[in-house]
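Engineer:
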Amino acid sequence: MTPILRVQDMISRAGFILGASALGAIVAIYAFEVISRYVFGAPTLWASDFVSFLLLISVFATAPWLTREGGHVAVTIVPDMLPAFRDAILRAGFLLAAGVCLWASWICLGENVYLYNRGTETLTTIRIPKWILSAFITYGLLNSGLYFLRLAFQRGTPGAHDA
């Protein structure tokens, strides 16, 4: 099973790099837009569209890696107040999160197929097939769900990172 988990980690790391690059591209595009608009008096037609596409990509491409690293939001007041049940509560929470993510990714996968079959495009100046964007949502939810399963069933303290 370990080689499969390593592959998942490599894919997630690549997604994290893609998402971080998308954030860098957002900064570059906005800087270009500001200069283009206020220095040259020629605003772009495409900048806003690409920023919205890249923002979606950055969120869902980085989510699995952040889940792996424990970078997700965690409200631990109940487990902290019940130390005898802490591990069981955390594992139950990770299982619930996995179930929600996997269920949502299944719904998104169906939507991806629907969008692809219909040839639906974005309603933006720069039109692209919507399934490309929704595939990032599906990837982020599916892979995060798999990481939540790993967290729920890992040995030792749940949520502790095992490098």
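For the sequence shown, position 108 matches number 108 in the working numbering, and the numbering has no gaps at all.
All residues carry an ideal CB built from backbone N, CA and C; glycine is no exception.
If you're wondering where the values come from, they're calculated on a predicted model, not measured in any experiment.
Name the DSSP bridge partner or partners of P129?
Structural biologist: As a position in the sequence shown, residue 129 is number 129, starting the count at 1. In DSSP, P129 forms a bridge with E121.
Engineer: D16 lies in the alpha helix (DSSP H); which residues open and close that run?
Structural biologist: Walking along the sequence shown from the start, residue 16 turns up at place 16. Residue 16 is actually Phe in this sequence, not Asp. Run containing F16: 2 to 38, per the alpha helix (DSSP H) assignment.
Engineer: Residues in the same chain with beta-carbon distance under 8 angstroms from A20, minus the five sequence neighbours each way, listed in chain order, please.
Structural biologist: Position 20 of the sequence shown, counted from the first residue, corresponds to residue 20. Once the five neighbours on either side are set aside, the close Cβ partners of A20 are S58, T62.
Engineer: Tell me which residue opens and which closes the alpha helix (DSSP H) that I56 is part of.
Structural biologist: Position 56 of the sequence shown, counting from 1, holds the residue named residue 56. At residue 56 the sequence reads Leu, which differs from the Ile that was named. Run containing L56: 47 to 68, per the alpha helix (DSSP H) assignment.
Engineer: Cβ of I166 within 8 angstroms of Cβ of L55?
Structural biologist: Nothing in the structure corresponds to residue 166, since the chain is present only between 1 and 163.
Engineer: Between which two residues does the alpha helix (DSSP H) harbouring P79 extend?
Structural biologist: For the purposes of this step, residue 79 is taken as residue 79 along the sequence shown, with counting starting at 1. Looking at the DSSP string, the run of the alpha helix (DSSP H) that includes P79 is 77 to 81.
Engineer: One question on the structure: do A43 and G140 come within less than 8 angstroms of each other, judged by their Cβ atoms?
Structural biologist: Working through the sequence shown from its first residue, we reach residue 43 at position 43. Working through the sequence shown from its first residue, we reach residue 140 at position 140. Sequence inspection shows Pro at residue 43; the Ala mentioned does not correspond to that position. No. Outside cutoff.
Engineer: Do you know offhand how far R118's Cα is from A152's?
Structural biologist: Sequence index remark: in the sequence shown, residue 118 carries index 118 (1-based). Sequence index remark: in the sequence shown, residue 152 carries index 152 (1-based). If I take the Cα positions, the gap works out to 38 angstroms.
Engineer: Assign L146 to one of two classes, buried (16 or more other C-beta atoms within 10 Å of its C-beta) or exposed (fewer than that).
Structural biologist: Looking up residue 146 in the sequence shown gives position 146. Looking at its Cβ environment, which holds 16 or more other Cβ atoms inside 10 Å, L146 is buried.
Engineer: Just to check my reading of the structure: T138 and S105 have Cβ atoms closer than 8 angstroms, yes? What is that Cβ distance to the nearest angstrom?
Structural biologist: Residue 138 sits at position 138 when you count from the first residue of the sequence shown. Residue 105 sits at position 105 when you count from the first residue of the sequence shown. With a Cβ gap of about 5 angstroms, T138 and S105 count as contacting.
Engineer: Decide if A163 is buried, meaning its Cβ has at least 16 other Cβ atoms within 10 Å, or exposed.
Structural biologist: By one-based count along the sequence shown, residue 163 stands at place 163. The pLDDT assigned to A163 is 44, lower than 50, so where the model puts this residue is not dependable; a value taken from the coordinates is nonetheless given after this. Looking at its Cβ environment, which holds fewer than 16 other Cβ atoms inside 10 Å, A163 is exposed.
Engineer: Is the beta carbon of E111 closer than 8 angstroms to that of S134?
Structural biologist: Residue numbering aside, residue 134 sits at position 134 when the sequence shown is read from its first letter. Residue numbering aside, residue 111 sits at position 111 when the sequence shown is read from its first letter. Result yes, Cβ atoms of S134 and E111 sit closer than 8 angstroms.
Engineer: Beta carbon of C108, beta carbon of F148: below 8 angstroms?
Structural biologist: Looking up residue 108 in the sequence shown gives position 108. Looking up residue 148 in the sequence shown gives position 148. No.
Engineer: Cβ of A63 versus every heavy atom of the ligand SAM: is any distance shorter than 7 angstroms?
Structural biologist: Ligands in the displayed structure: none, and consequently the ligand SAM is not present.
Engineer: Taking the beta carbon of W103 as the centre, do at least 16 other beta carbons fall within 10 Å, making it buried, or is it exposed?
Structural biologist: What you label residue 103 is simply residue 103 of the sequence shown in a count that begins at 1. That one is exposed.
Engineer: Could you tell me the distance, in whole angstroms, from the CA atom of F85 to the CA atom of F50?
Structural biologist: The residue labelled residue 85 in the question sits at position 85 within the sequence shown. The residue labelled residue 50 in the question sits at position 50 within the sequence shown. Looking at the two C-alpha atoms, the distance is approximately 47 angstroms.
Engineer: Suppose you measure from the CA of T125 to the CA of I29; what does that come to, to the nearest Å?
Structural biologist: Stepping through the sequence shown from its first residue, residue 125 is reached at position 125. Stepping through the sequence shown from its first residue, residue 29 is reached at position 29. Rounded to the nearest angstrom, the two C-alpha atoms are 16 angstroms apart.
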